[in-house]
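Novice: Numbering (my numbering), first residue to last: 1082 to 1202.
We put the CB at the ideal spot given by N, CA and C, even for glycine.
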(Lines of atoms letter the chains of each structure in order from A and count residues from 1; the text may use other names and numbers.)
(Lines give C-alpha, C1' and ligand atoms only; values in the text may rest on other atoms or scores of the structure.)
Protein backbone atom coordinates (compact mmCIF):
# COMPACT_ATOMS: atom_id res chain seq x y z
CA UNK A 1 0.00 0.00 0.00
CA UNK A 2 1.57 3.26 -1.09
CA UNK A 3 0.61 6.59 0.43
CA UNK A 4 0.32 9.00 -2.49
CA UNK A 5 -2.76 11.06 -1.60
CA UNK A 6 -4.40 12.57 1.46
CA UNK A 7 -7.11 9.88 1.16
CA UNK A 8 -4.40 7.17 1.30
CA UNK A 9 -2.90 8.75 4.43
CA UNK A 10 -6.33 9.04 6.08
CA UNK A 11 -7.08 5.41 5.21
CA UNK A 12 -3.74 4.34 6.72
CA UNK A 13 -4.29 6.32 9.93
CA UNK A 14 -7.72 4.78 10.45
CA UNK A 15 -6.88 1.22 9.30
CA UNK A 16 -3.45 0.68 10.89
CA UNK A 17 -4.55 0.64 14.57
CA UNK A 18 -7.34 -1.82 13.76
CA UNK A 19 -5.13 -3.99 11.54
CA UNK A 20 -2.28 -4.38 14.03
CA UNK A 21 -4.70 -5.36 16.80
CA UNK A 22 -7.31 -7.44 14.97
CA UNK A 23 -5.86 -8.75 11.67
CA UNK A 24 -5.44 -12.51 11.35
CA UNK A 25 -1.94 -12.04 9.95
CA UNK A 26 0.93 -11.43 12.34
CA UNK A 27 1.94 -7.95 13.48
CA UNK A 28 5.12 -8.06 11.36
CA UNK A 29 3.13 -8.67 8.18
CA UNK A 30 0.82 -5.76 8.99
CA UNK A 31 3.82 -3.53 9.72
CA UNK A 32 5.44 -4.51 6.40
CA UNK A 33 2.34 -3.43 4.53
CA UNK A 34 2.74 0.17 5.69
CA UNK A 35 6.44 0.61 6.63
CA UNK A 36 9.79 -0.18 5.02
CA UNK A 37 11.84 -2.78 6.98
CA UNK A 38 14.37 -0.27 8.35
CA UNK A 39 11.89 2.48 9.24
CA UNK A 40 12.63 5.11 11.88
CA UNK A 41 9.67 5.94 14.15
CA UNK A 42 9.97 8.44 16.99
CA UNK A 43 7.00 8.97 19.30
CA UNK A 44 7.33 11.69 21.91
CA UNK A 45 11.11 11.48 21.56
CA UNK A 46 11.26 7.70 21.99
CA UNK A 47 12.78 5.70 19.13
CA UNK A 48 10.64 2.72 18.16
CA UNK A 49 12.34 0.06 16.08
CA UNK A 50 10.56 -2.79 14.32
CA UNK A 51 10.78 -5.22 17.26
CA UNK A 52 9.55 -2.66 19.77
CA UNK A 53 6.50 -1.89 17.61
CA UNK A 54 5.77 -5.62 17.19
CA UNK A 55 6.08 -6.19 20.97
CA UNK A 56 3.70 -3.28 21.65
CA UNK A 57 1.25 -4.69 19.11
CA UNK A 58 1.31 -8.16 20.68
CA UNK A 59 0.48 -6.66 24.08
CA UNK A 60 -2.45 -4.71 22.59
CA UNK A 61 -3.71 -7.88 20.87
CA UNK A 62 -3.65 -9.83 24.16
CA UNK A 63 -5.62 -7.09 25.93
CA UNK A 64 -8.21 -6.94 23.16
CA UNK A 65 -7.71 -3.21 22.84
CA UNK A 66 -10.20 -1.33 20.71
CA UNK A 67 -9.04 1.74 18.78
CA UNK A 68 -10.82 4.48 16.89
CA UNK A 69 -9.20 7.29 14.93
CA UNK A 70 -10.58 10.65 13.85
CA UNK A 71 -8.39 12.35 11.26
CA UNK A 72 -8.54 16.14 11.44
CA UNK A 73 -5.90 16.94 8.80
CA UNK A 74 -3.90 14.78 6.39
CA UNK A 75 -1.38 16.18 3.93
CA UNK A 76 0.83 14.46 1.35
CA UNK A 77 3.36 16.37 -0.74
CA UNK A 78 5.79 14.27 -2.75
CA UNK A 79 7.63 12.09 -0.24
CA UNK A 80 6.43 14.03 2.81
CA UNK A 81 3.36 13.45 4.96
CA UNK A 82 1.78 15.32 7.85
CA UNK A 83 -1.30 14.64 9.92
CA UNK A 84 -3.25 15.75 12.95
CA UNK A 85 -5.57 13.14 14.38
CA UNK A 86 -7.11 11.79 17.57
CA UNK A 87 -6.72 8.18 18.69
CA UNK A 88 -9.12 6.75 21.27
CA UNK A 89 -7.96 3.39 22.66
CA UNK A 90 -9.96 1.30 25.10
CA UNK A 91 -9.12 -1.86 27.00
CA UNK A 92 -9.91 -1.54 30.73
CA UNK A 93 -10.07 2.24 30.48
CA UNK A 94 -10.29 4.75 27.67
CA UNK A 95 -7.27 6.81 26.65
CA UNK A 96 -7.54 9.70 24.20
CA UNK A 97 -4.41 10.96 22.44
CA UNK A 98 -4.24 13.95 20.11
CA UNK A 99 -1.38 13.22 17.71
CA UNK A 100 0.66 15.45 15.42
CA UNK A 101 2.71 13.48 12.89
CA UNK A 102 5.22 14.29 10.16
CA UNK A 103 7.03 11.74 8.05
CA UNK A 104 8.86 10.75 4.89
CA UNK A 105 7.87 8.11 2.39
CA UNK A 106 10.10 5.56 0.66
CA UNK A 107 9.95 5.45 -3.16
CA UNK A 108 7.34 2.66 -2.95
CA UNK A 109 5.02 4.89 -0.88
CA UNK A 110 5.50 3.13 2.45
CA UNK A 111 6.57 5.08 5.51
CA UNK A 112 10.32 5.36 6.01
CA UNK A 113 10.44 7.93 8.85
CA UNK A 114 7.78 9.07 11.28
CA UNK A 115 7.94 11.66 14.05
CA UNK A 116 4.95 11.97 16.36
CA UNK A 117 4.01 14.10 19.32
CA UNK A 118 1.01 13.11 21.40
CA UNK A 119 -1.10 14.96 23.94
CA UNK A 120 -2.92 12.60 26.31
CA UNK A 121 -6.25 13.55 27.83
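Counting C-beta neighbours from all protein chains within 10 Å, is the total for residue 1156 16 or more, i.e. buried, or is it exposed?
Specialist: Residue 1156 is exposed by the Cβ-count criterion.
Novice: Would you call the CB atoms of residue 1117 and residue 1193 closer than 7 Å?
Specialist: In this structure, residue 1193 lies closer than 7 Å to residue 1117 by Cβ.
Novice: DSSP three-state label for residue 1106, please.
Specialist: Reduced to three states, the DSSP call for residue 1106 is coil.
Novice: Look up residue 1144 in the DSSP assignment and say whether it is helix, strand or coil.
Specialist: In the structure shown, residue 1144 sits in a helix (DSSP, three-state: H, G or I).
Novice: Give the DSSP-derived three-state secondary structure of residue 1119 in the structure shown.
Specialist: If DSSP states are grouped into helix, strand and coil, residue 1119 belongs with the strands.
Novice: I need the straight-line Cα distance from residue 1088 to residue 1171, nearest angstrom please.
Specialist: Cα to Cα, the separation comes out at about 26 Å.
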